[in-house]
Amino acid sequence: MTAPAADQQAITRWRSDHPECRTFYLSPRGETLTQAGVIQLAEYDHLILLCGHYEGVDQRVLDLIIDGELSIGDYVLTGGEIAACVVMDAVFRLLPGVLPNQDAYEKESHMAGRLEQAQYTRPVSWMGIEPPDVLLSGHEAKIEQWQASRRLAETLRRRPDLLKDFPPEHDEWRGMLEIWTDADDASEH
Ligand SMILES: C[S@@+](CC[C@H](N)C(=O)[O-])C[C@H]1O[C@@H](n2cnc3c(N)ncnc32)[C@H](O)[C@@H]1O
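Residue numbers for the sequence shown follow numbering that gives the first Met the number 0, beginning at 0 and rising by one.
So this is what it looks like as structure tokens:
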């Protein structure tokens with residue numbers, strides 16, 4: 000544990016120059032980081048991530064200068080630096096200009112309570128396995144519908160708990176049922 004005065008002076012100095020700055024202490028006791036939390040963190044212009052070692056950080060420092068505590072999961076690391084890197088990486092990729100465009104992350108896992116659908120790249124045929132026909136159709140609307148319904152199917156299968164806060168839209172259910180119906184029809188021939 001570092002001496003309270005050193006932590007407190009460094010952070011107070013920075014915060015006085017940047018009053019809009021938010022300070023978070025990385026801690027296994029903190030609120031578990033989620034993509035929704037990352038989106039919120041990405042909105043701040045300045046962040047200080049305070050990392051502990053050994054027993055952590057003196058409670059008086061925490062009481063005086065932090066805005067919240069963040070955990071990266073229910074396990075204990077030796078120090079907060081790796082946890083801070085995890086937070087930084089998740090936040091940086093949402094900042095304008097880091098990824099080629101917003102589409103690159105908007106349909107990713109944990110954005111809007113869904114897990115990503117299966118991804119396919121080139122070559123079209125690999126080891127004799129082809130991607131689903133719809134992805135080669137060039138029909139944008141159908142591809143989008145296929146992806147949305149596959150995101151719902153993946154989420155239902157792997158993490159149904161995510162649907163509690165993001166219940167499926169009518170179109171998502173409909174798309175998923177259409178895919179299942181088509182698959183049933185195909186298997187009968
Ligand atoms: C050995 S841990 C201290 C654990 C503390 N004694 C407890 O039981 O809650 C040392 C430091 O690692 C960091 N750390 C450990 N686990 C973490 C986690 N799951 N999320 C974020 N930071 C973590 C924190 O900064 C913490 O102060």
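Using N, Cα and C, we set each Cβ at its ideal position, and we do this for glycine too.
- Under DSSP, residue 125 forms a beta bridge with 128.
- For the pair of segments examined, the segment 133-153 was found not to touch the segment 71-85: the number of CB pairs separated by less than 8 Å stays below three.
- It is roughly 10 Å from the alpha-carbon of residue 51 to the alpha-carbon of residue 83.
- The C-alpha of residue 37 is placed about 7 Å away from the C-alpha of residue 89.
- Contact between residue 48 and residue 97 fails: their C-beta atoms lie close to 18 Å from each other, not under 8 Å.
- If you ignore the 5 residues before and after residue 171, its C-beta comes within less than 7 Å of the C-beta of 147, 148 and 151, all in its own chain and listed in chain order.
- Considering only 178, 166 and 145, the residue with the shortest C-alpha distance to residue 116 is 145.
- Between the alpha carbons of residue 157 and residue 163 lies a distance of about 14 Å.
- For residue 133, the closest alpha carbon among the candidates 177, 94 and 93 is that of 177.
- When beta bridges are read from the DSSP output, residue 51 appears opposite no residue.
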